[in-house]
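Right, one structure below, let's go through it.
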Amino acid sequence: MEKFKIGEYHVDVKRNQLDILGRTILLEPKVMDVLHHLALHQGDVVSQQELFEALWPNSLFSSGSVLRCIAQLRKALGDDAKKQSIIHTHPKRGYSLKLEVEQLTDLPLKKLQSTGAENRLAVTNIFSKDKRAVNKSAKSMFYQCIYFISFVLLGCILWKAYSPSVVKTQFSELTPITSTQSFEYQPKLSPVSDTAVFIRIENEHQTHLWIKHLATKKEYRLSKDSQEFLSLTWSSDGKAIAYISKVNSGFELGYFDLPKSMSKPLSANVIYRFQSNKHIGSIQWGKNNHLYYLSYPNEDLVSTKATIHSVDLMTKTAHLIWQQNNNFMPYDMSLSPDNNTLALSGYGKNFQTDIKLLTLKDKSLMPLIANLPVYTQISWHPLGEHLLLTDIRELKLLSLKGDVQVIDWLNFRDIESPSFNSQGDKIALVLSMTDVDLLLQSANDNNELTTVANSNAIDSSADISPGGTGIVYLSENAGYQQVYFYHAGTTELLYANKNRQSIDSAPLWSNDGKTVLINLGTKLLFIDPSTKKISSIEKSKNLSYVYAWYQKENALLTDYRSDKGITVTKYNLDTNKLTQITSGNINYAHLVEDELVIIKENSIIKVIKNNELVLYKASDDHKIVASASTGDGVLFQLNYEADNGTTSKELWQVDMKGKQATYLSTLPTIFDKIIDVSADGSQRLFTTPNQQEKDIVVLE
């Protein structure tokens, strides 16, 4: 049953779409699978376990996946969760589809053929009535048809030559490329055929490149050897695929020549290996067999410059062609269809994203648009007049004049790696969902756990109130950041963020526990949780992250980024003045009784005026990954690789006065990182390891 009707909705399973009153609603493949399964069992109660086993075979049962799909179905169908007029929830039993299902079929072929035959018979009868009249006018009609066809063809040629190119902005079909339980990402459509290449992580962490023909649905493993592939690109003729991968302590650049028919996985042609302590971003295939790749600083090397390199495939040599020389640090790039311009997206001021155009001939950099959301991926439209953008939540088209148009389609998941095909009528992308929860642990009994947030989205960036009775945290349950307040076992929405602005740091309690600070892109909000009353002030242009409140002053510990790296500052709320304290490759900063402690170069350091006192330095094989301030010191988490190859996580505490680090416990696998601890040290707040689902789809 590929097409059916429920209520007023026409359902097309293959196209993953609902149609109602001329409006098309696209569904994720898994969401459509849930609806299809319920329709096949219309009226029956289907348990969560049954749905999961049918749609997520060979996976450990997770009710969250089913709950998310049901929630998205209700939203798409306009089904109120309380009234349940379409999908009925049977507590502790499952779900049932209440509306009758009407199977739809296309018009039978025989009927179409008979209709055509009847029409031909009618035409024959007309002509046979007066054969002489037909013969007399046939020649005249023939020449008239020739003149008309010639006129139409000439018009089409002139229209194509002189009319502006039309960019498709309406997409109504969603087709899955992959439907396995493996982790798949970064799809790239061939420039010459209906073929896609993508990265797939299989069992036992084997990572390979795969090729899929979209028309035949056949797929082939391309790479013979498993590698940690980072970025892919097609050659302009579609005959080769280049890649960058991480190997050992360095990186490898190579390519695969594609045969006419795939019979077995291929070995790569390795071009270039290099060492770098930076992130390696996008790779692009330019003209004259030149590849371009972007490298940019990681969190520990903020003062390092971003660079773009060119690699000659013939000589196997690399050259630096551009280096960051201002406050613009690119993290993504895309090469224009004419191979003359690199579009760059990167961090500008205040952690906002700017997009600029780098001309390869003279290396000039032209601004295109500024102050976009924090992270924005880019790729060119094949006509070269627009860029395709995603800020994870939406797809947008950006013209070279700076105009932005949203590509409107119903979507509930994060968007990654979108790119057009060569005709501009299809977009390949990844739909992903990440689930991070918050767990509260008792310091007195490590087995005593309380779930603070479990929303099937990212719940993180939290702060425990001074009295330990409430927790404020960020959640992306609505598809964008909102602030929630957890207290006395209940959760309420504290700040709805209806304008969907970026919240740049965790919400913070004031020292008296009466106010919550929310750090927006341009403002600082102050909310009274008891009354919901909000006040605000304009934020200093240089301010980015807010770490903590000072106890004895009406001031905040903040930072901003510059060419010197992270600069930690004191921000006076009365005078709106920023005072620099220290700078460098700083990972995090804390206040302990108004004394500054920073995490820097895998060490915990106390800053006294212009001097730095090392309280603890981790060994090279141990990594300080998270920390939280207590009443008299800093709690920190050490991660290292255990003998069995797994990551071991330990919790330690360092005393401000004694400069001694004390081992507290080894963390269970249900914890990812510590993010806060109560003032008296009795409660510790952790995030869980992120659970991700990724589906590669084509939008057309």
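Using our numbering, you'd call the opening residue of the sequence shown number 94 and step up by one each time. Ideal Cβ placement from N, Cα and C applies to all residues, glycine included.
DSSP three-state call for residue i: helix, strand or coil?
i: Val124; result: helix
i: Thr584; result: strand
i: Asn678; result: coil
i: Arg366; result: strand
i: Leu394; result: Reliability fails at Leu394, whose pLDDT of 49 lies under 50, so the model's placement of it is uncertain and no value is given.
i: Gln142; result: helix
i: Ser571; result: Note on identity: in this sequence residue 571 is Ala, with Ser being the wrong assignment. Coil, per DSSP.
i: Asn612; result: strand
i: His129; result: helix
i: His715; result: coil
i: His183; result: strand
i: Ala174; result: coil
i: Ala536; result: coil
i: Asn504; result: coil
i: Leu315; result: coil
i: Thr723; result: coil
i: Ala436; result: strand
i: His474; result: coil
i: Leu148; result: helix
i: Asn218; result: In this predicted model, Asn218 has a pLDDT of only 47, less than 50, meaning its place in the structure is not dependable enough to derive any value.
i: Asn382; result: coil
i: Asn647; result: coil
i: Arg213; result: A caution first: Arg213 carries a pLDDT of 41, below 50, which makes its placement in the model too unreliable to give a value.
i: Asn794; result: Since the displayed the chain opens at 94 and closes at 793, residue 794 lies outside it and no answer follows.
i: His298; result: helix
i: Asn732; result: strand
i: Arg593; result: coil
When the distance is taken between beta carbons, is residue j closer than 8 Å to residue i?
i: Asp455; j: Thr469; result: no
i: Val576; j: Pro559; result: no
i: Thr762; j: Ser553; result: no
i: Leu649; j: Lys632; result: no
i: Ser427; j: Ser375; result: yes
i: Tyr389; j: Lys371; result: yes
i: Val791; j: Ala521; result: yes
i: Asn418; j: Gly441; result: no
i: Leu197; j: Lys311; result: no
i: Thr117; j: Ser342; result: no
i: Gly187; j: Val139; result: yes
i: Glu121; j: Arg506; result: yes
i: Ile334; j: Leu346; result: no
i: Asp528; j: Ala546; result: no
i: Tyr664; j: Leu671; result: yes
i: Thr400; j: Trp378; result: no
i: Ile557; j: Leu728; result: no
i: Asn464; j: Gln445; result: yes
What residue does the beta strand (DSSP E) around residue i start on, and which one ends it?
i: Ser375; result: His372 to Trp378
i: Leu453; result: Unbroken run through Leu453: none, as it is neither H nor E.
i: Leu197; result: No beta strand (DSSP E) holds Leu197; DSSP gives it neither H nor E.
i: Asp769; result: Lys766 to Val770
i: Leu428; result: Met422 to Leu428
i: Ile627; result: Ile627 to Glu631
i: Tyr348; result: Gly343 to Asp350
i: Thr806; result: Only positions 94 to 793 of the chain appear in this structure, which leaves residue 806 out of reach.
i: Thr759; result: Ala754 to Thr759
i: Leu524; result: Ile520 to Asp528
i: Leu406; result: Where Leu406 is concerned, there is no enclosing beta strand (DSSP E), given that its DSSP letter is neither H nor E.
i: Pro622; result: Counting along the chain, Pro622 falls outside any beta strand (DSSP E), and DSSP gives it neither H nor E.
Under the assumption that residue i contacts residue j (Cβ atoms under 8 Å), give the Cβ distance between them as a whole number of angstroms.
i: Asp162; j: Val124; result: It is Cys, not Asp, that sits at residue 162 in the sequence shown. With a Cβ gap of about 5 Å, Cys162 and Val124 count as contacting.
i: Phe344; j: Ser369; result: 6 Å
i: Glu688; j: Ile698; result: Not quite, the Cβ-Cβ distance comes to about 11 Å (not below 8 Å), so this is no contact.
i: Ile620; j: Ile627; result: 5 Å
i: Leu708; j: Val770; result: With 8 Å as the limit, Leu708 and Val770 do not qualify as a contact, their Cβ atoms being about 17 Å apart.
i: Ile270; j: Pro280; result: 6 Å
i: Ile471; j: Gly495; result: 14 Å between Cβ atoms; not a contact.
i: Thr423; j: Ser438; result: Contrary to the premise, residue 423 reads as Pro rather than Thr in this sequence. So it is a contact: roughly 6 Å between Cβ atoms.
i: Asp597; j: Ser637; result: 6 Å
i: Ile364; j: Ala555; result: Not confirmed; about 46 Å, so no contact.
i: Tyr653; j: Leu684; result: The pair is not a contact, with the Cβ atoms about 17 Å apart (cut-off 8 Å).
i: His181; j: Lys168; result: At roughly 16 Å, the Cβ-Cβ gap does not stay under 8 Å, so His181 and Lys168 are not in contact.
For the alpha helix (DSSP H) holding residue i, just list the boundary residues, first then last.
i: Lys168; result: Ser156 to Leu170
Does the region 685 to 698 come close enough to the region 706 to 725 to have 3 or more Cβ pairs within less than 8 Å?
-> yes
Would you check if there are 3 or more beta carbon pairs closer than 8 Å linking the region 531 to 543 to the region 475 to 484?
-> No: the two stretches stay apart, fewer than three of their Cβ pairs being nearer than 8 Å.
Indicate whether the contact test is met: 3 or more Cβ pairs, each with one atom in the region 322 to 341 and one in the region 293 to 307, closer than 8 Å.
-> Output reads yes: the region 293 to 307 touches the region 322 to 341.
Decide yes or no for the touch test of the region 509 to 519 against the region 116 to 134: beta carbon pairs closer than 8 Å, at least 3 of them.
-> The count of Cβ pairs closer than 8 Å, one atom from the region 509 to 519 and one from the region 116 to 134, stays below three, leaving the stretches out of contact.
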